[in-house]
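Numbering (my numbering), first residue to last: 70 to 443.
Below you can see the structure in the form of structure tokens.
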């Protein structure tokens, strides 16, 4: 249903008075990477939390089709912005300047629209990579984000982040006190692993990531070129370096041992985690790094870089290594030893147990209740 349906809009507004309106208009299914995973899983957890307030979702039809649970658990106010990002920004400004029915609005896309009604609002900021890795962003995009993030921090009644690292980045770059940030961890579903599902030896390096520049896919190609009998499996949506990564695979002397499977569904993803030697995660910047916890929860050891929040996220559950090919080769060869691998499986399971759907939902509901005066 389009945004011009006034009767539908009024009816939805009447149902959520004093509740929470959540903005998902920024979400483009399959194209925004970890922020989609975080937002969707948090909403799934909130939908099952009996203590959550009434929630209205503002989303496109593409989002509700990709994630049908939204219409099962929440009131959905469906809008289809035209003309790309500019149309979406215009629509957000119109909707959230006029929508005064919800006592609290939660913008899950990292920024607050320029026009926002006087009610309270919460924002979730995933990272500010554009400040730490400006070479990955155009000058126009950096200037726009500077204005948008500063406006957001000035306007928000609460700022949610996924990690201490992200809170510290906001303080470093914008002077926003990190102690004011609310750390809402990702919702990670507990997984029961049977003997038949788990490969005790592991058959390949596994890397789930969109082909963004900071993800360093080509670094892992170099690592595998130094290990003669090991395969490398990539999965994830197309990013700006996708074709470049595919060319690097084709031109590698290890090309017959490297594959990119593209986007896979959750069932296939679970199998890939469980059958891997380890998840290798060389990303140079993460506001959290959800895949490393997903891997640990599925009994897959983790070797990661030390980029961004990854040392904080990995904790004692995995191995963090500087970006040196020889050091990564050594770490992989160590994991190939059965006893050593089993140790890191167990360490990872303990670390993954620190995260859950219930914890994420309860933390987010706590932020809502604090602002709603409950």
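Here a beta-carbon is modelled for each residue, glycine too, at the ideal position from N, C-alpha and C.
Exercise. Please confirm whether residue 315 and residue 329 have their CB atoms less than 8 Å apart.
Key: yes
Quiz item: Nearest CA to the CA of residue 224: which residue from 190, 213, 248?
Solution: 190
Quiz item: Cβ atoms of residue 235 and residue 187: under 8 Å apart, would you say?
Solution: no
Quiz item: Can residue 192 and residue 229 be called in contact, C-beta distance under 8 Å?
Solution: yes
Practice problem: Would you mind listing the alpha helix (DSSP H) stretches within the stretch 160-231 that are 4+ residues and don't spill past its ends, in chain order? | Solution: 198-201, 208-224
Exercise. Starting from the Cα of residue 216, find the closest Cα among 204, 312, 179 and give me that residue.
Key: 179
Quiz item: Pick from 246, 415, 277: whose alpha carbon is nearest that of residue 385?
Solution: 415
Quiz item: Does the beta-carbon distance from residue 126 to residue 88 come in below 8 Å?
Solution: no
Quiz prompt | Nearest-angstrom beta carbon gap, residue 240 and residue 247 [assumed within contact, 8 Å] | solution = 4 Å
Quiz item: What did DSSP end up calling residue 457 once you bin it into helix, strand or coil?
Solution: What the structure shows of the chain is the stretch from 70 to 443, and residue 457 is not part of that stretch, so it cannot be assessed.
Practice problem: Would you tell me roughly how many angstroms separate the C-alpha atoms of residue 375 and residue 353, rounded to the nearest one? | Solution: 7 Å
Exercise. Apply the 10 Å Cβ neighbour rule to residue 445 and answer buried if 16 or more other Cβ atoms are within range, or exposed otherwise.
Key: With the chain covering only 70 through 443, there is no way to say anything about residue 445.
Quiz item: Nearest CA to the CA of residue 121: which residue from 433, 440, 442?
Solution: 433
Quiz prompt | Opposing strand residues paired with residue 276 [DSSP bridges] | solution = 303
Quiz item: Which runs of the beta strand (DSSP E) fall wholly inside the stretch 103-138 and span at least 3 residues, in chain order?
Solution: 124-128
Self-check item: Nearest-angstrom Cα separation, counted from residue 271 out to residue 357
Solution: 25 Å
Self-check item: Limits of the unbroken alpha helix (DSSP H) element including residue 311
Solution: 311-320
Practice problem: Closer than 7 Å by C-beta to residue 211: which residues in its own chain qualify, once you throw out the five before and the five after it? Chain order, please. | Solution: 199, 203
Exercise. Just the C-alpha distance for residue 342 and residue 421, rounded to the nearest angstrom, thanks.
Key: 14 Å
Quiz item: Between the stretch 324-340 and the stretch 293-311, are three or more C-beta pairs nearer than 8 Å?
Solution: yes
Practice problem: Can you grab the Cα-Cα spacing for the pair residue 442 / residue 164, in whole Å? | Solution: 25 Å
Quiz item: Apart from the five residues on each side of it in sequence, which residues of its chain come closer than 7 Å, Cβ to Cβ, to residue 428?
Solution: 254
Quiz prompt | Residues of its chain near residue 378, where Cβ-Cβ distance is below 7 Å and the 5 sequence neighbours each way are ignored | solution = 232, 234, 235, 355, 356, 357, 358
Quiz prompt | residue 382: first and last residue of the uninterrupted alpha helix (DSSP H) it sits in | solution = 379-383
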